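>
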Amino acid sequence: MTDTESVKTGSDRPSGHRMTSHGETDLRRIGVHPDHWYPVALSRSVRAARAVATTFAGERIALYRGESGAVHALEDRCAHRQVPLSMGVVEGDTLRCCYHAWAYRGDGRISQIPYLSKGDGRPPRGVRGYPVREAYGLVFVFPGAPERAADTPLPALPDFGSARLRTMTYSRTVRCHYSFMHENLLDMNHQFLHRGVVGKLRPELLGHRADARSVEARYLFTHAGGKRNRGAGILAGEGLTGRGSSDVMTICTEYPYQTLDLVPQGAERPAFRLWAAYVPEDAEQRICHTYGLLMIEKPRVPGVLQLAWPLIRRFTERVFAEDRMAVEAEQRAWDEQGEDRNHEVFPLILAVREVLRGNGVPLGPAEGRATSPCGGTAPAACRRHEEPGAPAG
């Protein structure tokens, strides 16, 4: 790992960016760039012949799984009376509105208006259809320019599905701007927050690198005492299990996703790997949905990980609850002050803020509403229902 490299981003900022009292672009007014694949649901939540409501940055989206098994994503409003299509009925590979039974194909085109004859006038188009793909147990949509979807790869997770690993899927709503989540995971100096579950941990930044699209940091973690949750030791394999043990943690924001690997002392492979995406729900992007995949190395003794699964789950839920408490408090402070008054001094976080600024897009006018890729202003979104039984992440 080399020492810090300078972040190379464009100096020109879109006119929609606001400056803070420190004279820099307010990151909390920057939206995620839509030209990426974003998870918007767990695959298991989109059942056969069922429609599901979800959102991306204030855009309401209806997901449904057709008779062929493929998932489709449509703008969640009927072109007729604007009733949500997520309230509709799946018939074959079409979605029929629950109100007047207008039927839509998976690309959003109207396939039938049952009460019209051939000579009657019809609307020129249906509703927006989103490119959609399933991978890693998640449903991804491409909310940006549709023609760019085919050339934009999904996140690469080569270890997912490996027989050596078992994966825990995360799905949780957090009431904060997505950038707070990137900062929280990347800045491991906040371990005092988790002192009740991990004991006394001493993180040492070994080095970090940054470029226009990514920031990667390596930490050495040393346990220096204190009571520790049993799930922490099990999750980390041979690391974090004894006083004085040391582990190397590598965290990377590669826009717009984030990863974390932990390699225990003396090990060749990570004890676990985490992949996470923070997907804005509302147009103001002050609420995000966290999707994560925690891939855990199976111990040599068969069945041990299965027995320990409830302990690991409780540990991750507690850590996430503490992190959520902190980042939501940061968001409340921003809401009260109307700007970002943080006095950040850690070079690593200053670097990731530049990556998020340089790759994002400005939110809309003063009210902070995001501009829809279709034009106009995206409507405020309802908070998405958390999938029951999903662990924190």
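Per our numbering, the sequence shown starts with residue 1272, numbered consecutively. Virtual Cβ for every residue (Gly too), placed ideally from N, Cα, C. No experiment lies behind these values; they were computed from the predicted model shown.
#1: I'd like the span of the beta strand (DSSP E) that includes alanine 1542, first residue to last.
#2: Can you list, in chain order, the residues of its chain whose CB lies under 8 Å from that of serine 1339, leaving out five sequence neighbours each side?
#3: In whole angstroms, what is the alpha-carbon distance linking isoleucine 1522 and leucine 1425?
#4: Spatial neighbours of lysine 1569 within its chain, please: CB distance less than 7 Å, with the 5 preceding and 5 following residues excluded, ordered by chain position.
#5: Would you give the residue range spanned by the beta strand (DSSP E) that leucine 1491 belongs to?
#6: So, with DSSP's three-state summary, where would you put phenylalanine 1617?
#7: Just the C-alpha distance for valine 1342 and alanine 1416, rounded to the nearest angstrom, thanks.
#8: Counting along the chain, where does the beta strand (DSSP E) carrying isoleucine 1522 start and finish?
#9: Roughly how many angstroms lie between the CA atoms of aspartate 1297 and glutamate 1610, to the nearest whole one?
#10: Do the segment 1342-1355 and the segment 1320-1331 meet, that is, are 3 or more Cβ pairs less than 8 Å apart?
#11: Given this structure, state the Cα-to-Cα distance separating proline 1414 from arginine 1399, to the nearest angstrom.
#12: Tell me the DSSP secondary structure of serine 1388 in three-state form.
#13: Let me know if alanine 1548 comes out buried or exposed under the rule of 16 or more other beta-carbons within 10 Å of its beta-carbon.
#14: Whole angstroms are fine: how far does the CA of aspartate 1430 sit from the CA of valine 1468?
#15: Count the other C-beta atoms from every protein chain shown that fall within 10 angstroms of the C-beta of serine 1388, then say buried if there are 16 or more, exposed otherwise.
#16: For tyrosine 1490, which option in Asp1482, Ala1481, Glu1475 has the closest C-alpha, if you only look at C-alpha atoms?
#17: With a 10 Å radius around its C-beta and 16 neighbouring C-beta atoms as the bar for buried, classify proline 1310 as buried or exposed.
#18: Determine, using beta carbons only, whether phenylalanine 1492 and leucine 1464 come nearer to each other than 9 Å.
#19: In whole angstroms, give me the CA-to-CA distance for glutamate 1607 and valine 1403.
#20: Valine 1550 and cysteine 1559 look like a contact to me (Cβ under 8 Å); what is the Cβ gap, rounded to whole Å?
#21: Report, in whole angstroms, the separation of the C-beta atoms of serine 1442 and leucine 1313, which I expect to be a contact under 8 Å.
#22: Please look up how many angstroms separate the CB atoms of leucine 1564 and tryptophan 1580, rounded, as I've assumed it's under 8 Å.
#23: Please name the residue in Glu1362, Leu1366, Val1360, Tyr1370 whose C-alpha comes closest to that of glutamine 1353.
#24: Between Gly1390, Phe1411, His1351, Asp1391, which has its C-alpha nearest leucine 1334's C-alpha?
#25: Curious, which full-length alpha helix (DSSP H) runs of at least 4 residues does the segment 1570-1614 contain?
#26: Using C-beta distances below 7 Å, list every residue in its chain close to aspartate 1458, excluding the 5 sequence neighbours before and after it, in chain order.
Quick answer:
#1: Neither: alanine 1542 is in no beta strand (DSSP E) and is coded neither H nor E.
#2: Asp1364
#3: 19 Å
#4: Arg1435, Leu1436, Arg1437, Leu1576
#5: 1485-1494
#6: coil
#7: 19 Å
#8: 1517-1525
#9: 7 Å
#10: yes
#11: 10 Å
#12: coil
#13: buried
#14: 28 Å
#15: exposed
#16: Glu1475
#17: buried
#18: no
#19: 37 Å
#20: 6 Å
#21: 6 Å
#22: About 15 Å; that fails the 8 Å criterion.
#23: Tyr1370
#24: Phe1411
#25: 1575-1608
#26: Phe1617, Leu1619, Ile1620
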